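Let me begin by presenting the structure, written as structure tokens, before commenting on it.
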Amino acid sequence: MTSLADLRDEYEFLDADDRYRLLIDLGRSLEPMPEPLKTDATLVRGCSAAVWVYPTRRDDGTLHFLADSNAAITKGIIALVLLTVQDRAPADILATDVEAALAPFDLRNQLSSNRTQGIPNMIALIRDTAQRYAA
């Protein structure tokens, strides 16, 4: 995946349709999530589309997340969220202001409220996971 800064630079020059395509392409770049991991336990609550997030802890202590959605744009949104936290130490994740990192993408104004309503829940799940591993 590309860096969040590079993606932000590209995103701000695109029109609305191209921003949708960029998010869809970003979602396609997610590491595949095996079907058996898509369970009720990994389902993010409060999203209009189904979103699953499964954390793993690497040998170096960093957290790596597998994620998927049944909606292309939502899958792109979760990929965007993961760009801010992927393969980082739990303490680093907890210190990251994910909302501020995503603010330049102005998702609330670019996308329908149905598509963005679950973002806080995705972020909360990631923070809760980092909190458990940091303890």
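So the number in the working numbering is just where the residue sits in the sequence shown, counting from 1, plus 83. We put the CB at the ideal spot given by N, CA and C, even for glycine. Here the structure is a predicted model, which means the values were calculated and not measured.
I'd like the span of the alpha helix (DSSP H) that includes T122, first residue to last. First-last for T122: undefined, no H or E at that position.
Beta strand (DSSP E) containing T139: first to last residue? 134–140
For A186, is the beta carbon positioned less than 7 Å from some heavy atom of the ligand ZN? Of the ligands one can find in the structure shown there are none, so the ligand ZN has no counterpart to examine.
Report yes or no: do three or more beta-carbon pairs, one from the region 165–184 and one from the region 132–147, lie closer than 8 Å? yes
Considering Cα atoms alone, identify which of P203, G159, M116 is closest to P138. It is M116 whose Cα lies nearest to the Cα of P138.
Cβ neighbours of P187 in the same chain (closer than 8 Å, five flanking residues each side left out): Cβ neighbours of P187 beyond the five flanking positions: R91, Y94, E95.
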